[in-house]
Amino acid sequence: MRRDLEAKFGPVVILLATFATIFLLLPVIFVVLHSFSPTRYFQWPPTEFTLKWHQDFYTSTMFMEAARNSLVMALIVTPLSLVIGVPASYALVRGTFPGKALIQQVILSPLIIPGVVTGVSLLSLYSAGGLRIGMFGLCLGMLIFALPFAVRAISANLIGIDPRVEEAARSLGAGPLRTFFVVVVPQLKSGVLAASVFIFVEAVDNFSIAVFLSNDQTRVLPVAAYQYIKDFDDPTVAAMATALIVLSVVLVMLLEKLIGFQKSLRL
Amino acid sequence: MERQSNRLAVLLTPALILAIVIVSAYGYFAYSSLFAKGPMGSGFAGTITFENYTRVLASASNRSVLFTTLYASVVMSVLTIAIAVPMAMVIVRAKRQWVANLIMLAIAVTFLSGGVTRAYSWLILLGNKGLFNLALTELGMIERPLKLLYNWLGVGIAIVHYLLPFAVFTLVGAVRNLNPSVEEAARSLGASRSVTFWRVTMPMLLPGLMVTLTLIFSIALASFLFPMLLGGGKVRMIANQIYDRMFVDYDIPYAAATSVVFLVSAFVAIWLMTLLSKQVKRLNER
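Okay, structure coming up:
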C-alpha cells in the first residue's frame, strides 16, 4: 500500500503508454520488415526473405538520381541555413533595434504558414520572375523553409547563455568578431548540432514544398517515392524507407553520443 | 551605438534577404488572387476583381472541405493529446531511466524517419490485405476486410501518428513542471488514482495541454501528403484543394484565393485557441 502511494502513476498509465509506444513504432518496424518480403502485400507468417526490393532501389536510376538530388540539396541547405541562422539569431536575441519583432515573425513565418502555401507562393514568384525550376530554386525554397528551424534552435541556445561572459571578453579587449567566434560560437555547439540533424532530416523529408519546386531533373526522394507509389506500388519504397530509417537511427545515436539526446530535444 | 547597429545589420542581412524573398512570394501570391486566370502559360490578367473570393465562398464543396479540415484537425489533435499524456508522464516520472530512454528513442526514430516513409507504411498496414485486416480475420472477429484506407479513418490514424512526437515533446516540459507533492497529498488524503488524475493532475496540466493542442492543431491543418496518399481522392483537406487548383485546373488566382481564405480561417481558429488557453491559464492561477 505504501509503495503504491509512492508510485507516480498507476498501471493504467503504464498500459496506455505501452500501447502508445507500440502504435508509434508499428509502422516504422513494419516497413523495415516489409522491405524483405517477397510479396507486395503483407504476409504472415513470412515465408521467404528477399533482398530484391533493396536491389531494385539501389539500381533504379530514378531513385538514385532522386537520392543524389536530395543529398546535394540537404548538404547545401543545412550548412547555409546555419551560416545565415547563427548570426541572425545572435542579432535577434542580443540586439535591440526597431522592427525586431516584425523581422523575427517574418523569418519564422514558414513555420506557421502551411508548406503547400509556401510552395505555391514560391513557385508563382519564380515564374513571375522568370526563374526556371531547378536546383537553385529548390535550394532557395528549402533554405527559406529551414531557416526558421535554425533560428529557433540557436535562439533557444543563446537565451540560455550568460551574456556577461561576452561582456567580460569585450572589456578584456577582445574585438566583437573575436568575441563572437571565440566566446559565443563554442557555446552554441549543442544548438548547432541538434539543428543540423533536424534540418538535414527535414530537408530530405520535405514533400509539400519540394513537390512544387522540383521537376523531372531535380526530383527529390519524397517526390520520387510518391510518384512510384502511385504508379507501381511494390516494396521498393519500403527499401527506401529502410534506408531513411537507418539514417535516422544513426543520427539519433550520434546526437546521443555528442550532446545527450534529452538535451538536444529541449532546443 | 552607430557601430553596434552597423554590426547588427551585417549579421542580419543574409536572413533579411531570405525574409524579403518569402514576403514577396506570399505577397505576390495573395495579390494574384485579385485577378482573373490569365491565358495559358501566364499567371493572371485583367483588372482587380473579387470574383475568386466569391467563387471560393460560394462553392459548397469548398466550404465543406474548409469546415472538415478545421473540424477534423481539432478531433485528431485531441485524440493525439489523449495518447501523448500517458507517454509524457512515463517519460518524466518513470523510476527506471531506461524506460524513459526507450520511449524517447522510439519517438525520435519515428519522428526522424519522415512523413513519406510513414504514409507508405500505413498504406500497406491498413490495406484490405494489411496487418490489421489479416489479424482481425484470423481472430475470427470479422468476415470481410474492414475499409481502413481511402477514408477518414485511415487518414486520421496516419495524421495522429504524425502528430504524436510533436505532442509528446511539448508535453514532456509541461509534465516536468508539475509538482508531484500536490498529487501525493491528494493520494495520502485518500483520493483514488483516477480521482487524483482527473481532479488534481489534469487541472494543473491544462495550460500545457492547451499550448500543445494549439501547436499540433496548426500542424494538422497543413496536412497534405497523408490525405493525398491515403485518402484516395475521397478525403480532401484544404491543402489538397489548393494543389488541385494549381496543378489540375492551372488556375493560380483561384488557388491563391483559396489559400488566403484558408489562412484567414486557420489564424482565426488558432487565435481563438490561444485566447482559450490564456483564459485557462488565468483560471488556473486563481
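From first to last, the protein sequence lines stand for chains A and B.
So in my numbering, the last spot in the first sequence is 267, and the numbers never skip.
So in my numbering, the last spot in the second sequence is 286, and the numbers never skip.
Glycine residues also receive a C-beta, built at the ideal position from the N, C-alpha and C atoms.
This one's a predicted model, so the numbers in the text were calculated from it and none came from an experiment.
{"Query": "Cβ of Thr298(A) within 8 Å of any chain B Cβ", "Result": "Any answer about residue 298(A) is impossible in this case: the structure gives chain A only from 1 up to 267."}
{"Query": "CB contact below 8 Å: Asp205(A) versus chain B", "Result": "yes"}
{"Query": "Ala241(A) versus Val200(B) - alpha carbon distance", "Result": "43 Å"}
{"Query": "Cutoff 8 Å: Tyr41(A) Cβ touching any chain B Cβ", "Result": "yes"}
{"Query": "Residue of Gly160(A), Leu25(A) and Gly134(A) minimising C-alpha distance to Val220(A)", "Result": "Gly134(A)"}
{"Query": "Minimum Cβ-Cβ distance from Tyr58(A) to chain B less than 8 Å", "Result": "no"}
{"Query": "7 Å CB neighbourhood of Phe111(B) in its chain, flanking five on each side removed", "Result": "Pro165"}
{"Query": "Cβ of Gly10(A) within 8 Å of any chain B Cβ", "Result": "yes"}
{"Query": "Residue-level contact to chain B via CB, His284(A), 8 Å cutoff", "Result": "In the structure as shown, chain A starts at 1 and stops at 267, and residue 284(A) therefore has no counterpart that could be examined."}
{"Query": "Per-residue burial, Met87(B) [other beta carbons within 10 Å of its own, 16 or more giving buried]", "Result": "buried"}
{"Query": "The stretch 17–26 of chain A contacting the stretch 154–169 of chain B, beta-carbon criterion three pairs below 8 Å", "Result": "yes"}
{"Query": "Any chain B beta carbon closer than 8 Å to Gly160(A)", "Result": "no"}
{"Query": "CA nearest to the CA of Ser223(B), picked from Thr68(B), Phe44(B) and Phe29(B)", "Result": "Thr68(B)"}
{"Query": "C-beta contact flag for Val155(B) and Phe226(B) at 8 Å", "Result": "yes"}
{"Query": "For Lys37(B), three-class secondary structure by DSSP", "Result": "strand"}
{"Query": "Ala94(B) (DSSP reduced to helix, strand or coil)", "Result": "coil"}
{"Query": "Buried versus exposed, by CB contacts within 10 Å (16 or more), Leu102(A)", "Result": "exposed"}
{"Query": "Residue environment, Ser208(A), which counts as buried when at least 16 other CB atoms sit within 10 Å", "Result": "buried"}
{"Query": "Spatial neighbours of Tyr120(B) in its chain, beta-carbon cut-off 7 Å, leaving aside the 5 residues before and after", "Result": "none"}
{"Query": "C-beta neighbour in chain B for Val120(A), strict 8 Å", "Result": "yes"}
{"Query": "Interface flag, Gly115(A) vs chain B, CB-CB below 8 Å", "Result": "yes"}
{"Query": "Own chain partners of Leu79(B) with C-beta closer than 7 Å, once the 5 adjacent residues on each side are dropped", "Result": "Val160"}
{"Query": "Per-residue contacts from Val21(A) into chain B (C-beta, under 9 Å)", "Result": "The amino acid at residue 21(A) is misidentified as Val; the sequence shows Thr. Within chain B, the residues near Thr21(A) are Met87, Val90, Leu102, Ile103, Ala106 and Ile107."}
{"Query": "Supposed contact pair Ser259(B) and Ile242(B) - C-beta distance, whole angstroms, cut 8 Å", "Result": "5 Å"}
{"Query": "For Phe288(B): DSSP bridge partner residues", "Result": "Given a span of 1 to 286 for chain B in the structure shown, any question on residue 288(B) remains unanswerable."}
{"Query": "Given 8 Å, three or more beta-carbon pairs between the stretch 51–63 of chain A and the stretch 99–117 of chain A", "Result": "no"}
{"Query": "Within 8 Å of chain B by C-beta, residues of the stretch 129–157 of chain A in sequence order", "Result": "Leu140, Leu143, Ile144, Leu147 and Val151"}
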